[in-house]
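Counting from 1, one number per residue, gives the positions in the sequence shown under the UniProt record's numbering.
What follows is a short report on a single structure.
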Amino acid sequence: MASSQTQKLSREDFKKQKIIEEQRKAGTLPAEVDPETGRDINPHIPHYISQAPWYLDIQHATLKHQRAFNSAESGGQLNEWYARGARAGPAATKYRKGACENCGVLTHKTADCVERPRKKGAKWTGRDIQADEVVQGIDLGFEAKRDRWNGYDPQEHVRLIEEWELVDERRRQIREQQVKEKMEKGGTEAEEVKKEGVVANPKEMESSAAPAARDGGDSSDEDDDEDKYADRADVVGQKVDTKSRTTVRNLRIREDTAKYLVNLNLDSAHYDPKSRSMRDNPNQNIDAQDAIYAGDNFYRWSGDAPNLGKLQQFAWEAENRGKDVHLHANPTQGELLYKQFQEKKAKLSETVKDSILDRYGGAEHLQAPPKELLLAQSENYVEYSQTGRVIKGQEKAAIKSKYEEDVFVFNHTTVWGSWWKDGRWAYGCCHSYTRSAYCTGEAGIEAERASAQLMLADDSSSSDQPPAKSLLDQHVLKAAKEVVTDKGKGKEKKRGDRLGEGDVEIDKAKLAKALETEREKKRKSGRDEQEGGKGKKGRYEFGEDGKEVTEEELEAYRMTRARMEDPMANYVDRDMDME
1 MASSQTQKLS REDFKKQKII EEQRKAGTLP AEVDPETGRD INPHIPHYIS QAPWYLDIQH
61 ATLKHQRAFN SAESGGQLNE WYARGARAGP AATKYRKGAC ENCGVLTHKT ADCVERPRKK
121 GAKWTGRDIQ ADEVVQGIDL GFEAKRDRWN GYDPQEHVRL IEEWELVDER RRQIREQQVK
181 EKMEKGGTEA EEVKKEGVVA NPKEMESSAA PAARDGGDSS DEDDDEDKYA DRADVVGQKV
241 DTKSRTTVRN LRIREDTAKY LVNLNLDSAH YDPKSRSMRD NPNQNIDAQD AIYAGDNFYR
301 WSGDAPNLGK LQQFAWEAEN RGKDVHLHAN PTQGELLYKQ FQEKKAKLSE TVKDSILDRY
361 GGAEHLQAPP KELLLAQSEN YVEYSQTGRV IKGQEKAAIK SKYEEDVFVF NHTTVWGSWW
421 KDGRWAYGCC HSYTRSAYCT GEAGIEAERA SAQLMLADDS SSSDQPPAKS LLDQHVLKAA
481 KEVVTDKGKG KEKKRGDRLG EGDVEIDKAK LAKALETERE KKRKSGRDEQ EGGKGKKGRY
541 EFGEDGKEVT EEELEAYRMT RARMEDPMAN YVDRDMDME
């Protein structure tokens, strides 16, 4: 009891109070109610917290003494919010000191003004001074501060729903009108489908015409508000154009069913909400292979679980028969023994089967094709035309060749491409590689064989000739011949020696003649330069007749050449001149 007990309770009253508290904790009796707040008092609150102090003199159960006394009783309520756009009375007629320089309002500063900045503010003009704003000092409580919808007007959402309904209604009318216009133009599409051998369904045509009409609309209609929302007339699972825009309210379509809602019968499989498991099949009358949900045990006994169970059973049976087999201690041994057991078992069954067939016969009845081929059926959807051509489905129509089949031209008995050799196509009747040639029959085949043998003979004869020498070998042989020729003439000139190098024998008479000729050339070139002509350089070149330069001419050129880098080139002996 949450009250200030100044008087001492008797033993009987104390026992009764304890019994009542235990019953309230157990839930057999209702909890105490605070008469001041109207709330229930939790019976599990300790006694030293729920009991009020003696100096407060409270004679009833309450928890008021645990709350702050200084808190405002009229604290912010959940429904209190700011009055947006409210103005306090009429506007002032003249500017007041401390007001906004732009609009003349005292409730905010110039930097916080949200009106359009004026060219000249109200401070300087004194005109169009706005009324003061209503500033509310709302003291929000704990719940009001954390309420994310506080201040929201529900009528705003109602207006939004009305706008959606109007847009959807208008869009439905436009779509119905477009479908009617398309159906009135003529069933050209239905006639084409009938020609291919497919029966036209009016409902399917109408449902397929709706997205076609939506795609064929004017581009200007896409900018309207009606295209912002999805069409309510679309059925779940219907093919919808991906280009059409939809809202969030139509995106989440959950068609799965919780396992505990598969069968609502109370006598069905038990569902454990703590582990979220349902081990048994809720629908026992339906095959587990065809059921939507067959229980957790069905999924648990899938994959390699059956094989592992058979292996464990084999290990237990082998251990009972005296075999030292343990699946966990030596799993490899257990798997090998189980594999050998399966092979022996299959071999024994084949032996028994063969012995029965040998004794009683009937082996021809076991050679029938399997049942899967006899009763072939699949879920692959394929549509065929009246002529047997594939219209729609997974099976692809055979690609025909661009050439005419079974057409023999130019007296050929086979088609082009029936013979192939060395990467070339030919006719198989005459082995002719020319497509536009007439057929020569066996004679063409013999001629082709003879030409092939002739080519092989030419290849063998060419292989008997010595191989062609490389350029390096030819150059070496040529140099060796030149050396031999020079030795025969008595001229020993090493390979690689050039003009003016090595030990050279110079004829003095020829050298004097060459010096005179060289000086004459230099004098002639000097006169040409004085006359303004363009003389040749001092370089020695071939003559006009193309004669090769001799050793004497080269020596004369060297002796008469002007060396500018020689410091003694212009030296003159004065003593010799004086003498």
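Positions of the beta carbon are idealized from the N, C-alpha and C atoms, including for glycine.
Write down every uninterrupted run of the alpha helix (DSSP H) in the stretch 284-309 whose length is 4 residues or greater and which is fully enclosed by it, in chain order.
Inside the stretch 284-309, DSSP marks whole alpha helix (DSSP H) runs of 4 or more residues at positions 296-300, from first to last along the chain.
From the DSSP output, in three-state form, read off residue 559 for me.
For the purposes of this step, residue 559 is identified with residue 559 of the sequence shown, where counting begins at 1. Here residue 559 carries a helix assignment [DSSP, helix/strand/coil].
Run through the stretch 110-135 for me and flag every whole alpha helix (DSSP H) of 4 or more residues, listed as ranges in chain order.
Taken in chain order, the unbroken stretches of alpha helix (DSSP H) that lie wholly in the stretch 110-135 and span 4 residues or more are 122-125.
Cα-Cα separation between residue 15 and residue 263, rounded to whole angstroms:
Position 15 of the sequence shown, counting from 1, holds the residue named residue 15. Position 263 of the sequence shown, counting from 1, holds the residue named residue 263. Between residue 15 and residue 263, the C-alpha separation is close to 52 Å.
May I ask you to report which of helix, strand or coil DSSP gives residue 167?
The residue given as residue 167 occupies position 167 in the sequence shown. DSSP places residue 167 in helix when its eight states are reduced to three.
Are residue 40 and residue 62 touching if we call contact CB-CB under 8 Å?
For the purposes of this step, residue 40 is identified with residue 40 of the sequence shown, where counting begins at 1. For the purposes of this step, residue 62 is identified with residue 62 of the sequence shown, where counting begins at 1. The beta carbons of residue 40 and residue 62 sit no closer together than 8 Å.
In angstroms, rounded to a whole number, what distance separates the CA positions of residue 456 and residue 431?
Sequence index remark: in the sequence shown, residue 456 carries index 456 (1-based). Sequence index remark: in the sequence shown, residue 431 carries index 431 (1-based). Here the alpha carbons of residue 431 and residue 456 stand approximately 18 Å from one another.
Contacts around residue 20, its chain only, beta-carbon distance under 6 Å, and the 5 residues preceding and following it disregarded
Working through the sequence shown from its first residue, we reach residue 20 at position 20. In the same chain as residue 20, and ignoring 5 residues on each side of it, no C-beta atom comes closer than 6 Å to its own.
Taking the straight line between their C-alpha atoms, what separation do you get for residue 302 and residue 427?
In the sequence shown, counting from the first residue as 1, residue 302 sits at position 302. In the sequence shown, counting from the first residue as 1, residue 427 sits at position 427. In a straight line, the C-alpha of residue 302 is about 60 Å away from that of residue 427.
Would you mind stating whether residue 99 and residue 131 have Cβ atoms separated by less than 8 Å?
Stepping through the sequence shown from its first residue, residue 99 is reached at position 99. Stepping through the sequence shown from its first residue, residue 131 is reached at position 131. Going by C-beta atoms, residue 99 is not nearer than 8 Å to residue 131.
Does DSSP classify residue 54 as helix, strand or coil?
Mapped onto the sequence shown, residue 54 falls at position 54. In the structure shown, the three-state DSSP call for residue 54 is helix.
Is residue 411 closer than 8 Å to residue 393 when the C-beta atoms are compared?
By 1-based counting over the sequence shown, the position of residue 393 is 393. By 1-based counting over the sequence shown, the position of residue 411 is 411. Contact: no.
Check whether residue 337 and residue 327 have beta carbons under 8 Å apart
Walking along the sequence shown from the start, residue 337 turns up at place 337. Walking along the sequence shown from the start, residue 327 turns up at place 327. No, Cβ-Cβ distance for residue 337 and residue 327 is not below 8 Å.
Could you check whether residue 17 and residue 9 sit closer than 8 Å to each other, using their CB atoms as the reference points?
Working through the sequence shown from its first residue, we reach residue 9 at position 9. Working through the sequence shown from its first residue, we reach residue 17 at position 17. In this structure, residue 9 lies near residue 17, with their beta-carbon atoms less than 8 Å apart.
Give the DSSP bridge partners of residue 393, in chain order.
Indexing the sequence shown from 1 puts residue 393 at position 393. Note: residue 393 sits in a beta bridge opposite 382.
What are the boundary residues of the alpha helix (DSSP H) that includes residue 338?
As a position in the sequence shown, residue 338 is number 338, starting the count at 1. Residues 331-360.
Tell me which residues share the same chain as residue 319 and place their Cβ nearer than 8 Å to its Cβ, disregarding the 5 neighbours each side in the sequence.
In the sequence shown, the residue the question calls residue 319 occupies position 319. If we look at residue 319 and ignore the five residues flanking it on each side, its Cβ neighbours are 325, 326.
Which of the three DSSP states, helix, strand or coil, is assigned to residue 476?
Locating residue 476 in the sequence shown gives position 476, where the first residue counts as 1. Three-state DSSP puts residue 476 in a helix.
Could you tell me the alpha carbon to alpha carbon distance between residue 103 and residue 90, rounded to whole angstroms?
Here residue 103 refers to the residue found at position 103 of the sequence shown. Here residue 90 refers to the residue found at position 90 of the sequence shown. Within the model, the alpha-carbon separation for residue 103 versus residue 90 is close to 14 Å.
Check the DSSP bridge columns for residue 149 and list the partner residues they point to.
Translated into the one-based positions of the sequence shown, residue 149 becomes position 149. Paired residue(s): none; residue 149 is not in a bridge.
DSSP beta-bridge partners for residue 590?
Past the boundaries of the shown model lies residue 590; the chain is included only from 1 to 579, so the question cannot be answered.
Endpoints, alpha helix (DSSP H) assigned at residue 26
One-based indexing of the sequence shown puts residue 26 at position 26. For residue 26, the uninterrupted alpha helix (DSSP H) run begins and ends at 11-26, by DSSP.
Is it right to say residue 491 is buried, meaning 16 or more other beta carbons lie within 10 angstroms of its own, or is it exposed?
In the sequence shown, the residue the question calls residue 491 occupies position 491. Note that residue 491 scores 47 on pLDDT, short of 50, meaning its location in the model is unreliable; the coordinates nonetheless yield the value given after this. The residue in question, residue 491, is exposed, as its Cβ has fewer than 16 Cβ neighbours within 10 Å.
With a 10 Å radius around its C-beta and 16 neighbouring C-beta atoms as the bar for buried, classify residue 518 as buried or exposed.
Stepping through the sequence shown from its first residue, residue 518 is reached at position 518. So residue 518 ends up on the buried side.
Determine the extent of the beta strand (DSSP E) in which residue 426 is found, giving its start and end residues.
As a position in the sequence shown, residue 426 is number 426, starting the count at 1. Taken as a continuous stretch (DSSP letters only), the beta strand (DSSP E) holding residue 426 covers 424-427.
When you compare only the Cα positions, how much space is there between residue 360 and residue 354?
Translated into the one-based positions of the sequence shown, residue 360 becomes position 360. Translated into the one-based positions of the sequence shown, residue 354 becomes position 354. Here the alpha carbons of residue 354 and residue 360 stand approximately 10 Å from one another.
Per DSSP, residue 33 is paired with what?
Along the sequence shown, read from residue 1 onward, the residue named residue 33 stands at position 33. For residue 33, which the question treats as bridged, DSSP gives the partners 40.
For residue 272, does the three-state DSSP call read helix, strand or coil?
Numbered from its first residue, the sequence shown carries residue 272 at position 272. Three-state DSSP puts residue 272 in a strand.
Straight-line gap, residue 562 to residue 553 (C-alpha atoms, nearest Å):
Here residue 562 refers to the residue found at position 562 of the sequence shown. Here residue 553 refers to the residue found at position 553 of the sequence shown. Taking the straight line joining both Cα atoms gives about 16 Å.
Select from 408, 409, 433 the residue whose C-alpha is nearest the C-alpha of residue 420.
The residue labelled residue 420 in the question sits at position 420 within the sequence shown. Nearest C-alpha to residue 420: 433.
Would residue 65 and residue 53 qualify as a contact pair, given that the criterion is a beta-carbon distance under 8 Å?
By 1-based counting over the sequence shown, the position of residue 65 is 65. By 1-based counting over the sequence shown, the position of residue 53 is 53. Against a cut-off of 8 Å, the Cβ pair of residue 53 and residue 65 comes out as a contact.
Using a Cβ-Cβ cut-off of 7 Å (strictly less than) and excluding sequence neighbours within five positions of residue 169, which residues of its own chain qualify?
Counting from 1 along the sequence shown, the entry for residue 169 is found at position 169. A distance below 7 Å between beta-carbons, with the five flanking residues on each side excluded, links residue 169 to no residue of its chain.
I'd like to know if residue 83 contacts chain C, where contact means its C-beta is closer than 8 Å to some C-beta of that chain.
The chain inventory of the structure shown lacks chain C, comprising one protein chain alone.
Do residue 297 and residue 272 have their C-beta atoms closer together than 8 Å?
For the purposes of this step, residue 297 is taken as the residue at position 297 of the sequence shown. For the purposes of this step, residue 272 is taken as the residue at position 272 of the sequence shown. Cβ atoms of residue 297 and residue 272: not closer than 8 Å.
Using DSSP with H/G/I as helix, E/B as strand and the rest coil, what is residue 421?
Stepping through the sequence shown from its first residue, residue 421 is reached at position 421. Assignment of residue 421 by DSSP, reduced to helix, strand and coil, places it in the strand class.
Which of the three DSSP states, helix, strand or coil, is assigned to residue 277?
Position 277 of the sequence shown, counting from 1, holds the residue named residue 277. In this structure, residue 277 counts as strand in the three-state DSSP scheme.
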